[in-house]
Amino acid sequence: MSAYKILYICPQTFYGEEVFLATFIRISNFLNAHLDEIPMEIEEEYVDLRFEDLPQYSSKNKKAFRESLSSFLSNLYENFPFDLVAIGCFTSYMYLNSVEIAYIIKSCLDVKKSIKIVVGGYHPSVCPMDFQVSEIPSYIKNNYNITSTPFDYLIREEAELAFLNLVKQIFIDSDFKKKDDMKKPFILSTQLIENLNEIPIIDYSLYKKYKANINKSEKVYLEFSRGCAFNCHFCPVSGNIVKSYKNVRYKSIEKCIEELKVIRDTEWLKPKHVIIVDPTFLPKKEFRDSFLDALSKIEYPFHLAVNERIDTCEIEKFPLYNKLKIRLLIGLETGSPTLHKRFNKFPGSSTKKIRQYLEKTKQIIIASNKYDVPILFNYFSVVPGSTWQTYMESENFFFKPLNEKDGRSLSEKYKIDLIFATYAGYRGSKLVKNCKKRFGAKIYYKEWWKKCSKNQAMMASSIDPSSELSFPEALELAYNFGVRHFRNQRRLSNEWYSVVRFMALKTGKKKAIELYYSKNEKDRLEKNLLSII
Ligand code: SF4
6 MSAYKILYIC
16 PQTFYGEEVF
26 LATFIRISNF
36 LNAHLDEIPM
46 EIEEEYVDLR
56 FEDLPQYSSK
66 NKKAFRESLS
76 SFLSNLYENF
86 PFDLVAIGCF
96 TSYMYLNSVE
106 IAYIIKSCLD
116 VKKSIKIVVG
126 GYHPSVCPMD
136 FQVSEIPSYI
146 KNNYNITSTP
156 FDYLIREEAE
166 LAFLNLVKQI
176 FIDSDFKKKD
186 DMKKPFILST
196 QLIENLNEIP
206 IIDYSLYKKY
216 KANINKSEKV
226 YLEFSRGCAF
236 NCHFCPVSGN
246 IVKSYKNVRY
256 KSIEKCIEEL
266 KVIRDTEWLK
276 PKHVIIVDPT
286 FLPKKEFRDS
296 FLDALSKIEY
306 PFHLAVNERI
316 DTCEIEKFPL
326 YNKLKIRLLI
336 GLETGSPTLH
346 KRFNKFPGSS
356 TKKIRQYLEK
366 TKQIIIASNK
376 YDVPILFNYF
386 SVVPGSTWQT
396 YMESENFFFK
406 PLNEKDGRSL
416 SEKYKIDLIF
426 ATYAGYRGSK
436 LVKNCKKRFG
446 AKIYYKEWWK
456 KCSKNQAMMA
466 SSIDPSSELS
476 FPEALELAYN
486 FGVRHFRNQR
496 RLSNEWYSVV
506 RFMALKTGKK
516 KAIELYYSKN
526 EKDRLEKNLL
536 SII
């Protein structure tokens with residue numbers, strides 16, 4: 006009897022850094038740790054379409070992409086006749102490509118009927134209905150000669166347990182639960198791993214064939230904990246659709262250190278940075294202390310980058326962070342107290358607390374310069390809830406002299422690395438859900454992930470942030486802020502602010518505004534046409 010073959014597919018994406026998240030590895034490692042529960046030998050293969058020699062999926066390239074992918078998968082099938090395909094639709098920017106892949110497998114491969122397809126990731130977790138046949142864009146489904154959804158199963162939230170149970174069930178009944186409704190995928194019940202120590206120590210072998218791409222990216226991703234206790238309203242998981250995010254769980258210190266050693270000792274893996282993807286870096290103080298203590302006893306050739314929050318950040322640890330090569334990624338978002346309150350950035354956002362929060366932000370910036378701890382701050386250029394006042398407040402935070410004697414501002418005196426980000430309207434965030442009612446904001450592309458366009462990311466951000474500020478006006482304010490900050494930072498010889506980065510900011514603004522006006526014009530013409538009809 007030949008082995009049961011599982012193919013994991015990472016789709017192409019319209020936007021975002023091409024990172025190798027550990028998700029497929031975790032699923033595969035978990036499955037392999039439970040092989041004694043499966044009555045058959047398992048073989049696995051991973052393909053990452055972002056790095057295969059295929060045309061980039063786009064509105065102009067659809068036909069070429071479909072033909073190339075169809076022949077790529079047929080060739081793959083000859084050597085590895087897969088029974089089950091797991092598609093990781095990790096972001097909404099991967100939605101259309103995930104749908105195309107599923108249709109191609111179900112309609113173009115000879116053995117299409119017997120292959121099962123399961124999809125999981127952020128987008129299926131938040132928008133499971135998008136995988137029903139009725140919600141799939143017509144320009145895709147009309148191209149294929151099948152009337153059912155190409156997806157058999159859908160996993161919401163964490164996938165290890167659900168995927169293992171799916172494989173076990175398929176051996177009992179190969180058409181498990183799929184007979185009922187061909188128009189929708191069967192949604193597997195969400196199952197969380199309560200004790201993260203049950204997750205096997207990471208083994209990266211599944212990704213080895215892409216070692217050149219991984220090493221070129223210089224980054225490897227890992228998690229020490231899962232879930233987040235906070236409830237920032239702009240966060241894609243704040244709408245409580247993804248329940249597991251509210252369930253905070255930790256791995257043991259031993260396991261965290263063990264996994265870092267695996268990365269260090271995996272001969273083909275040479276990352277410069279290990280990114281710990283936890284929403285916040287070990288917020289429990291005793292746990293963090295023990296981890297840092299254990300970390301200081303091992304040697305490793307990479308930097309560690311961790312997500313940190315202003316309120317949980319321990320400035321007194323900066324000398325140690327410098328020694329341990331720890332870098333921080335902090336969601337600063339804005340210097341405006343009003344916006345922080347609107348974001349519900351931390352529990353009980355009273356005026357006094359927000360003032361303290363912004364004061365601590367300054368202290369963190371000063372300490373990062375003093376102890377040479379690199380910090381990347383996320384900063385929203387345009388975000389729902391912004392008004393003229395919030396832009397002014399944020400400018401004051403960065404550009405007002407720190408004190409009369411010195412006369413220099415935070416931006417003039419200290420190196421501050423900002424990632425300028427326009428806010429993408431993800432379904433799932435409270436801010437997106439309520440922004441029209443609360444601030445008079447207008448989202449121009451409600452289902453931007455269904456637009457097959459290289460401008461998908463700009464469409465996602467095309468939002469008038471409030472009734473008093475249009476998107477172009479807000480972007481202009483953000484751009485002027487950016488130019489002023491760029492100048493100050495160049496005077497401080499801050500290498501983060503390169504000419505290339507500046508040009509990207511400038512051209513990005515121009516394109517985003519053009520797209521906004523073309524959409525407005527299209528909407529206006531459509532409205533006029535409807536009134537004539
Ligand atoms: S933005 Fe970060 S800290 Fe805030 S709710 Fe989301 S994951 Fe948690």
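Under my numbering, read the sequence shown as residues 6 to 538, first letter to last.
A virtual CB, placed ideally from N, CA and C, is assigned to each residue, including glycine.
Predicted model only: the values in this text are computed from it and were never measured.
Less than 8 Å between C-beta atoms, sequence neighbours within five positions excluded: which residues of the same chain meet that for residue i?
i              : result
leucine 74     : Leu54, Leu59, Glu105, Ile106, Ile109
isoleucine 120 : Phe87, Asp88, Leu89, Val90, Ile110, Lys111, Leu114
isoleucine 369 : Ile315, Cys318, Ile320, Ile335, Ile380
aspartate 377  : Asn327
Am I right that residue i and residue j are in contact with their C-beta atoms under 8 Å? What's the rounded C-beta distance?
i                : j                 : result
cysteine 94      : proline 129       : 6 Å
tyrosine 449     : lysine 524        : 5 Å
tyrosine 82      : threonine 18      : Actually they are not in contact, since the Cβ atoms of tyrosine 82 and threonine 18 sit about 24 Å apart, beyond 8 Å.
phenylalanine 77 : glutamate 57      : 7 Å
aspartate 283    : phenylalanine 239 : So it is not a contact: roughly 19 Å between Cβ atoms.
serine 433       : valine 52         : Residue identity check: residue 433 is glycine in the sequence provided, not serine. Going by Cβ atoms, the distance from glycine 433 to valine 52 rounds to 28 Å, so no, they are not a contact pair.
lysine 266       : isoleucine 303    : 7 Å
isoleucine 92    : valine 124        : 5 Å
leucine 480      : alanine 517       : 6 Å
proline 133      : isoleucine 192    : 6 Å
tyrosine 419     : isoleucine 371    : 6 Å
glutamate 50     : leucine 12        : 5 Å
Just curious, the beta strand (DSSP E) that residue i is in, first and last residue?
i              : result
tyrosine 450   : Here tyrosine 450 belongs to no beta strand (DSSP E), and DSSP marks it neither H nor E.
cysteine 261   : From DSSP, cysteine 261 is part of no beta strand (DSSP E) but of the alpha helix (DSSP H) over 258 to 270.
histidine 308  : 308 to 313
tyrosine 9     : 9 to 15
isoleucine 3   : The structure shown does not extend to residue 3, since the chain is modelled only from 6 through 538, so no value can be given for it.
valine 387     : 380 to 387
lysine 224     : 224 to 227
lysine 121     : 121 to 125
isoleucine 331 : 331 to 338
Measuring CB to CB, does residue i end up less than 9 Å from residue j?
i                 : j                 : result
isoleucine 236    : lysine 441        : One detail in the question is off: residue 236 reads as asparagine in this sequence, not isoleucine. Cβ atoms of asparagine 236 and lysine 441: not closer than 9 Å.
leucine 510       : tyrosine 484      : yes
leucine 227       : isoleucine 268    : yes
isoleucine 539    : arginine 254      : Missing from the structure shown is residue 539; the chain here goes from 6 to 538 and no further.
lysine 330        : phenylalanine 348 : no
serine 249        : threonine 195     : yes
isoleucine 421    : glutamine 361     : no
glutamate 165     : leucine 274       : no
proline 190       : aspartate 157     : yes
leucine 211       : serine 33         : yes
glutamate 22      : serine 222        : yes
phenylalanine 323 : serine 257        : no
threonine 271     : tyrosine 209      : yes
isoleucine 468    : lysine 455        : no
leucine 325       : leucine 287       : no
glutamate 48      : phenylalanine 85  : yes
tyrosine 127      : proline 16        : no
Beta-carbon within less than 6 Å of residue i's beta-carbon, same chain only, minus the 5 sequence neighbours each way: which residues are those?
i              : result
aspartate 88   : Tyr9, Lys10
serine 399     : Thr339, Gly340, Ser341
serine 416     : Phe403, Phe404, His490, Asn493
leucine 101    : Cys457
alanine 234    : Val253
isoleucine 145 : Val104
Could you pull the start and end residues of the alpha helix (DSSP H) that residue i belongs to?
i             : result
lysine 365    : 356 to 375
aspartate 298 : 290 to 300
threonine 154 : Neither: threonine 154 is in no alpha helix (DSSP H) and is coded neither H nor E.
serine 249    : Where serine 249 is concerned, there is no enclosing alpha helix (DSSP H), given that its DSSP letter is neither H nor E.
glycine 93    : Element bounds for glycine 93: not the alpha helix (DSSP H) but the beta strand (DSSP E), 89 to 93.
tyrosine 484  : 476 to 496
Could you pull out every residue in the same chain whose Cβ sits closer than 7 Å to the Cβ of residue i, ignoring the five residues on either side in sequence?
i             : result
serine 354    : His345, Lys346
lysine 224    : Val24, Pro276, His278, Ile280
tyrosine 149  : Tyr108, Ser112
arginine 413  : Pro406, Leu407
lysine 173    : Glu42, Ile43
lysine 188    : Gln137, Val138, Ser139, Ser153, Thr154
lysine 438    : Gly244
cysteine 261  : Phe229, Phe296
glutamate 264 : Ile206, Ile207, Leu227
Establish whether the CB of residue i and some CB of chain B are separated by less than 9 Å.
i            : result
arginine 432 : Here chain B cannot be found, since the structure has a single protein chain.
| said: Assess contact between the segment 300 to 316 and the segment 334 to 341, defined as three or more Cβ pairs (one per stretch) separated by less than 8 Å. Is contact present? | reply: yes
| request: Check whether the segment 420 to 438 touches the segment 368 to 385, counting contact only when three or more Cβ pairs, one atom from each stretch, lie closer than 8 Å. | output: Three or more Cβ pairs drawn from the segment 420 to 438 and the segment 368 to 385 lie within less than 8 Å of each other, which places the two stretches in contact.
| field | Three-pair Cβ contact test at 8 Å for the segment 165 to 173 versus the segment 36 to 43 | value | yes
| Inter-stretch contact at 8 Å, needing at least 3 Cβ pairs: the segment 389 to 398 / the segment 462 to 480 | yes
| the segment 454 to 466 touching the segment 483 to 502, judged by at least three CB pairs closer than 8 Å | no
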